[in-house]
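>
Chains as they are written, first to last, in this note's numbering: chain Y, 965 to 1619; chain V, 1347 to 1485.
#1: Run through the DSSP bridge pairs and tell me what residue 969 of chain Y is partnered with.
#2: So with CB distances below 9 Å, who are the chain Y contacts of residue 1364 of chain V?
#3: From residue 1463 of chain Y to residue 1535 of chain Y, what does the alpha carbon distance come to, in whole angstroms?
#4: What does residue 1360 of chain Y touch in chain V if you count any residue whose Cβ is under 8 Å from its own?
#5: Let me check understanding here. Comparing Cα to Cα, which of Y:1259, Y:1606, Y:1517 lies closest to residue 1212 of chain Y?
#6: Can you tell me whether DSSP reads residue 1276 of chain Y as helix, strand or coil?
#7: With residue 1563 of chain Y as the anchor, note down where its alpha helix (DSSP H) starts and where it stops.
#8: Cβ of residue 1483 of chain V less than 8 Å from any chain Y Cβ?
#9: Name, please, each residue of chain V whose Cβ falls closer than 8 Å to the Cβ of residue 927 of chain Y.
#10: Hey, does residue 1351 of chain Y have any beta-carbon neighbour from chain V nearer than 8 Å?
#11: Is it buried or exposed, residue 972 of chain Y, if we count other Cβ atoms within 10 angstroms and call 16 or more buried?
#12: Once you ignore the five residues that flank residue 1344 of chain Y on each side, which residues in its own chain have a CB closer than 7 Å to its CB?
#13: Against chain V, which members of the segment 1258-1273 of chain Y pass a CB distance test of less than 8 Å?
#14: Which residues in the same chain as residue 1590 of chain Y place their Cβ atom closer than 6 Å to its Cβ, once the five residues preceding and following it in sequence are excluded?
#15: Please decide whether residue 1407 of chain V counts as near chain Y, where near means a Cβ-Cβ distance under 8 Å.
#16: Decide if the segment 1355-1366 of chain V is in contact with the segment 1236-1246 of chain Y; the criterion is three or more beta carbon pairs, one per stretch, under 8 Å apart.
#17: Looking at C-beta atoms only, is the number of pairs between the segment 1147-1167 of chain Y and the segment 1041-1049 of chain Y that lie closer than 8 Å three or more?
#18: Is residue 1371 of chain V closer than 8 Å to residue 1259 of chain Y when the C-beta atoms are compared?
#19: Going along the segment 1434-1459 of chain V in order, which residues come within less than 7 Å of chain Y, judged by CB to CB distance?
#20: Would you grab the beta carbon distance between residue 1615 of chain Y and residue 1598 of chain Y for me? Rounded to a whole angstrom, and I think it's under 8 Å.
#21: Relative to the C-alpha of residue 1467 of chain V, which candidate in V:1351, V:1479, V:1386 has its C-alpha closest?
#22: Given a cut-off of 8 Å on the beta-carbon distance, is the pair residue 1549 of chain Y and residue 1123 of chain Y in contact?
#23: Given residue 1101 of chain Y, which residues of its chain have a CB within under 7 Å of its CB, disregarding the five upstream and five downstream residues?
#24: Measure the C-alpha to C-alpha separation of residue 1613 of chain Y and residue 1074 of chain Y and round it to an integer number of angstroms.
#25: Report the three-state DSSP secondary structure of residue 1372 of chain V (helix, strand or coil).
#26: Helix, strand or coil, according to DSSP, for residue 1391 of chain V in the structure here?
#27: Could you check whether the Cβ of residue 1348 of chain Y sits closer than 8 Å to any Cβ belonging to chain V?
#28: Could you list the residues in the segment 1379-1395 of chain V with a C-beta less than 7 Å from some C-beta on chain Y, going in chain order?
#29: Does DSSP put residue 1364 of chain Y in a helix, in a strand, or in coil?
#30: Using C-beta distances below 7 Å, list every residue in its chain close to residue 1347 of chain V, excluding the 5 sequence neighbours before and after it, in chain order.
#31: Assuming residue 1539 of chain Y is part of the alpha helix (DSSP H), what are its boundary residues?
#32: For residue 1460 of chain Y versus residue 1450 of chain Y, is the C-beta distance shorter than 8 Å?
#33: List the residues of chain V whose Cβ lies closer than 8 Å to the Cβ of residue 1333 of chain Y, in chain order.
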């Protein structure tokens, strides 16, 4: 199926639009270019509105504006009526033209000219090759729209490229799963399951009415079965939470894989800084010691000649036995003066006085001088000894300072290395990721404990249910009237089991097919050959991209690669679902860098060989990388323009 | 004015400020600053008599090793041990050498940058030590 024509009347900024998507080339590719705010997304919404009466891509601000074209409102008189309509012409493989047309009537009300919605009508016109047309209305018309693109999976046909980058975050896996249930018709099996379960319960109740004992057993059985069911749901929920946490942990691990362990590095950095401060303080003390030692020794070095000479004098005096003093010069002087001996108290006769005077002549140094010389000796010898070790001591201090300097240099290098590792990264984010990862790991630990206990509970309940079932069957057996019911119950039970098995098989098969198709398409379209090795889809339809080294790398791939994976998944869904409807993408390469735009241009060309693709670009998006590759291959290029007063948009065919 | 021998004098006026401002000896005790200035003056063979005096510190703060150095200088200068008995003369010699030494330090430090002056001073001491090392060690 392909869109042949789109007619829009009075719908928002489109007063009267008629655009044909003719296909005359190998690639069924069509380009619409329009600046932001000119009406590209309005086209996407117009199609959605026409088919489903919804505008899923509207910004909040535009939702407040009336659906009816503003110019039409302005030119209206009170009570005027206007019709908003969108027509979508679709061709089918068997040569039919199916026209979907939605019409909304508005009546202009009051002085403020408020457009009040009146009737909303949806019709489908089916025309064959001979021009015979029949009109389909109401529920049947809606069914036709569902045949074209089922509303439940329309996100996989008409989508916004801005969202593709965040596709795996925005499209909840549960939604994908539900939509795939619809595609695989699993929902029919689910309805069957519910119905059979209902019949089964009714039969049991009927059986219970036969005998109070049977009824009691039934109640017990149903109570336990309900409990078992709840436990099963609980287990599923825990598993889901574990899976979710695992995915997030993987995501953080991918983000952090090549990034430094910021928290640890920060800690190391702090401890290095503390060590640096400590060593700097020790070094400063050593520098002070060095300065003080130098000044102390410099006095002695400079005064060395005086020290040396003094020591020589002292030495000489010692040799002459003048030091230490044997006779006190002052004492002799006092004896002569008093003519009386201070030692023995005897009066000094002339002869004795003469002898003392002669003795005084031999004592040349006063005891004061001798005392002073004597007191100088030790400090001066001490100074000399200190000077002797000046070279070695100075060297030792210098060596210690050098060691401190070396240490400081090493620490500075380590700090620089850490700084270099941390530079260029958003440290705050890295810290948050680390913290979140730890929290999730902790949460998973708790969840795994809960899962273990729930599994145990389930096992016990299954045993109890089995026992109760046996007892129940036994009770039924005692009652002749219940034999028929028993047979019916057994049949229902088998049917239920069979439905559940079939459901499981189909789900697995569908998942495997989608996984395999997604993988084939992704690797077929991918410009890299060695980086990735697999695409995996789990039972909840979480998509994982496996790096060649074996880890899940979806969180760390480029926006372009993520978009390609989303596109591949969408195309896989198209193939599996059997819906051969066109794809319409608004801003298809908005999140793709220039480097990969050429790759995407080639991908669009490739896909458009078998499927109609309508791409709505902004002029900036339709860059050389895109246009150089697409220009010759596209069927038509359109440009959206606004009127001078910006109240209306129209589309011009460029090529 | 009779001089007291319980204190060390310097030239009256700006010299005390010079003692405060020379970074090489910053933070050192006054007596240590004085002895270094005295030693420098001695090494320069330069004595500058004090015209007017003011107290720099009291001699009670001198330790035996400080007094030994001051006495040794006086002994070297006078070549007479009896000078030791004349405290006034011993301190006078020390003060005059210190007066010359401190002025030299001021001049040299002003001419050089602080860090390089410290290095120059250290080198000078090491060079001088190299010359006298054998002598010190009794070689």
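For glycine and all other residues, C-beta sits at the position ideal for the given N, C-alpha and C.
So, to answer that:
#1: Bridge pairing for residue 969 of chain Y: Y:984, Y:1053 [DSSP].
#2: Chain order gives no chain Y residues near residue 1364 of chain V, where near means a beta carbon separation below 9 Å; the closest approach is about 16 Å.
#3: Rounded to whole angstroms, the gap between the alpha carbons of residue 1463 of chain Y and residue 1535 of chain Y is 29 Å.
#4: Contact annotation for residue 1360 of chain Y against chain V: no contact, minimum CB-CB distance about 15 Å [criterion: below 8 Å].
#5: When only C-alpha atoms are compared, the closest one is Y:1517.
#6: Helix at residue 1276 of chain Y.
#7: Residue 1563 of chain Y: member of the alpha helix (DSSP H) spanning 1558-1571, first to last residue.
#8: Yes, its Cβ sits closer than 8 Å to a Cβ of chain Y.
#9: Only positions 965 to 1619 of chain Y appear in this structure, which leaves residue 927 of chain Y out of reach.
#10: Taking a beta-carbon distance threshold of 8 Å, residue 1351 of chain Y counts as an interface residue toward chain V.
#11: Residue 972 of chain Y should be labelled buried.
#12: Its chain contains 1271, 1274, 1275 as the residues whose beta carbon lies nearer than 7 Å to that of residue 1344 of chain Y, once the 5 sequence neighbours on both sides are disregarded; these appear in chain order.
#13: From the segment 1258-1273 of chain Y, only 1258, 1259, 1260, 1261, 1262, 1263, 1264, 1265, 1266, 1267, 1268, 1269, 1270, 1271, 1272, 1273 have a Cβ closer than 8 Å to chain V.
#14: Exclusion of the five residues before and after residue 1590 of chain Y leaves 1561, 1565 as the residues of its chain whose Cβ lies within less than 6 Å of its Cβ.
#15: Closer than 8 Å: no.
#16: No contact exists between the segment 1355-1366 of chain V and the segment 1236-1246 of chain Y.
#17: At 8 Å Cβ cutoff, the stretches do not touch.
#18: The answer is yes: Cβ separation under 8 Å.
#19: For the segment 1434-1459 of chain V, the beta-carbon criterion of a distance under 7 Å to any beta-carbon of chain Y is satisfied by none of its residues.
#20: Separation of the CB atoms of residue 1615 of chain Y and residue 1598 of chain Y is rounded to 15 Å, and the pair is thereby denied contact status at 8 Å.
#21: Per the Cα distances, V:1386.
#22: With contacts defined as CB atoms closer than 8 Å, residue 1549 of chain Y and residue 1123 of chain Y qualify as a contacting pair.
#23: Contacts found: 1087.
#24: Here the alpha carbons of residue 1074 of chain Y and residue 1613 of chain Y stand approximately 27 Å from one another.
#25: Residue 1372 of chain V: coil per DSSP, three-state reduction.
#26: Secondary structure of residue 1391 of chain V (DSSP, three-state): coil.
#27: Cβ-Cβ to chain V under 8 Å: yes for residue 1348 of chain Y.
#28: Hits within the stretch, in order: 1381, 1382, 1385, 1386, 1388, 1389.
#29: Residue 1364 of chain Y: helix per DSSP, three-state reduction.
#30: Only weak support is given to the placement of residue 1347 of chain V: the predicted model assigns it a pLDDT of 47, under 50, and the question is left unresolved by the model.
#31: Boundaries of the alpha helix (DSSP H) around residue 1539 of chain Y: 1523-1541.
#32: Taking 8 Å as the cut-off, the Cβ atoms of residue 1460 of chain Y and residue 1450 of chain Y do not count as close.
#33: Result: 1427, 1428, 1430, 1431.
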